[in-house]
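Residue numbers (my numbering), protein chains in the order written: chain C, 558 to 835; chain F, 5 to 123.
Read through the structure below, which is laid out as structure tokens, and then see the notes.
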């Protein structure tokens, strides 16, 4: 097969850049067609022939021929690295429904974060509960009662903070990544991260320990109602509390970090590294 | 092997413009399009030919081009054609290109009669 090595190299580079399998197959198929056309063009004495490529199928001095083939193809079609890099860039620049539709972006980055975050918290607390049951950390009415030690109290509080912050950080990262994929909508990603961070700031968790076995309680609350003044006051109070400040900064920081990494690619105009000028 | 230079940044967006322009004339398959670009630019711009396909795929994903497998010259090929959205984009891009080119031409000649260009 003509140019097989070159095509294999392109395929490897494309896979390394984690392009979808379907996209890789399509690109390789079209490059293969292109290569065949170039060969045919040479055979028929076309004006822009691939140099030294006709002998690729020759069994003699195959290594040298292969080397020449690689060089001549790389000159004309571009090196596998350049093509794969261009393909990766162009793939990132594709406009999806999110980047085309203002409404889709609004729904995804403004309306979706809070319900998604609530579900995330619900899932996290249920998972934690399940783990506690599995490992026997919940008093089942049998066996000795565990003493309330400062370490235990501290451990529970740390766990609660993790249960609040981990889903929020995950969602901030997910929305940041989604905004990265829909390059033109990175500002929407920033809005989503801000919403997630603010929601995390107003979450309240309390752990109440009781001397009566099985009566310990954990409360998780999110204020859903309230005047603008109430929300404002709650938000500023949150900023004054170091733990809550961490609850805001961690998800927001992670989200912004991902967006920042993507901003260069999002704002830059079209690139085509394999385009050259004489 | 001749080492090729990477294009300067100011050529960004040129392949897209050329592709849309040439496909606005008639539908073409990849190899045919590359040859058309060579001819149309009098080989002043030389593409790494393989880089055309990712751009074609992206333009198609953006709804600016449509493609279909067709038998051309006895072979099954992917033929690209411009969509109405692509034609609109082409019109905008050409207008922008003319303004930019005019502004640069003016600047090089020491004339500053061109209005501001917002890309």
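Glycine residues also receive a C-beta, built at the ideal position from the N, C-alpha and C atoms.
This one's a predicted model, so the numbers in the text were calculated from it and none came from an experiment.
Simplified DSSP assignment, three categories, for residue 764 of chain C: Mapped onto the first chain, residue 764 of chain C falls at position 207. Residue state, collapsed to three classes: strand.
Collapsed DSSP secondary structure at residue 805 of chain C in the structure displayed: By one-based count along the first chain, residue 805 of chain C stands at place 248. DSSP places residue 805 of chain C in helix when its eight states are reduced to three.
For residue 84 of chain F, which of helix, strand or coil comes out of DSSP? Walking along the second chain from the start, residue 84 of chain F turns up at place 80. Strand.
What whole-angstrom Cβ distance do residue 570 of chain C and residue 637 of chain C have, given they're in contact under 8 Å? Sequence index remark: in the first chain, residue 570 of chain C carries index 13 (1-based). Sequence index remark: in the first chain, residue 637 of chain C carries index 80 (1-based). 5 Å between Cβ atoms; contact.
Check the C-beta distance from residue 662 of chain C over to residue 745 of chain C and give it rounded, since I have them as a contact under 8 Å. To locate residue 662 of chain C, count along the first chain from 1; it is residue 105. To locate residue 745 of chain C, count along the first chain from 1; it is residue 188. About 5 Å separates the two Cβ atoms, so the contact holds.
Using only the alpha-carbon positions, how far apart do residue 675 of chain C and residue 578 of chain C sit? Within the first chain, numbered from 1, the residue matching residue 675 of chain C stands at position 118. Within the first chain, numbered from 1, the residue matching residue 578 of chain C stands at position 21. Looking at the two C-alpha atoms, the distance is approximately 34 Å.
According to DSSP, which residues form a beta bridge with residue 774 of chain C? Counting from 1 along the first chain, the entry for residue 774 of chain C is found at position 217. Answer is C/765.
Could you tell me whether any Cβ in chain C is nearer than 8 Å to the Cβ of residue 72 of chain F? Position 68 of the second chain, counted from the first residue, corresponds to residue 72 of chain F. No, its Cβ sits nowhere closer than 8 Å to a Cβ of chain C.
Give, in chain order, every unbroken run of the alpha helix (DSSP H) that is at least 4 residues long and sits entirely within the region 28-60 of chain F. 34-44
Closer than 9 Å between beta carbons: that is the criterion. Which residues of the region 31-61 of chain F meet it against chain C? 33, 34, 35, 36, 38, 39, 42, 47, 48, 49, 50, 51, 52, 53, 54, 55, 56, 57, 58, 59, 60, 61
Relative to the C-alpha of residue 650 of chain C, which residue among F/48, F/67, F/34, F/22 is closest? Here residue 650 of chain C refers to the residue found at position 93 when the first chain is read from its first residue. Residue F/67 is the option with its Cα nearest to residue 650 of chain C.
With C-beta atoms as the reference, is residue 22 of chain F less than 8 Å away from residue 41 of chain F? For the purposes of this step, residue 22 of chain F is taken as the residue at position 18 of the second chain. For the purposes of this step, residue 41 of chain F is taken as the residue at position 37 of the second chain. Closer than 8 Å, so yes.
Does any CB atom of chain C fall closer than 8 Å to the CB of residue 2 of chain F? With chain F running from 5 to 123 in the structure shown, residue 2 of chain F is simply not present.
Backbone CA spacing between residue 815 of chain C and residue 667 of chain C [nearest angstrom]: Here residue 815 of chain C is taken as the residue at index 258 of the first chain, counted from 1. Here residue 667 of chain C is taken as the residue at index 110 of the first chain, counted from 1. So the alpha carbons of these two residues sit roughly 18 Å apart.
Would residue 539 of chain C be called buried (16 or more neighbouring beta carbons within 10 Å of its own) or exposed? Residue 539 of chain C lies beyond the range of chain C shown here (558 to 835); nothing can be said about it.
From the DSSP secondary-structure annotation, give me the bridge partner or partners of residue 76 of chain F. Within the second chain, numbered from 1, the residue matching residue 76 of chain F stands at position 72. According to DSSP, residue 76 of chain F bridges with F/79.
Apart from the five residues just before and just after residue 807 of chain C, which ones in its own chain have a Cβ nearer than 7 Å to its Cβ? Locating residue 807 of chain C in the first chain gives position 250, where the first residue counts as 1. These residues qualify, in order along the chain: 722, 726.
Quick one: Cα of residue 718 of chain C to Cα of residue 764 of chain C, how far? In the first chain, residue 718 of chain C corresponds to position 161, counting from 1. In the first chain, residue 764 of chain C corresponds to position 207, counting from 1. Their backbone Cα atoms lie some 11 Å apart in a straight line.
Residue range of the alpha helix (DSSP H) that includes residue 639 of chain C: Residue numbering aside, residue 639 of chain C sits at position 82 when the first chain is read from its first letter. From DSSP, the alpha helix (DSSP H) with residue 639 of chain C extends over 637-650.
Is the region 71-88 of chain F close to the region 22-40 of chain F, with three or more CB pairs under 8 Å? yes
Could you tell me which chain C residues have their CB closer than 9 Å to the CB of residue 107 of chain F, listed as they occur along the chain? Position 103 of the second chain, counted from the first residue, corresponds to residue 107 of chain F. Chain C residues near residue 107 of chain F: none, gap ~16 Å exceeds 9 Å.
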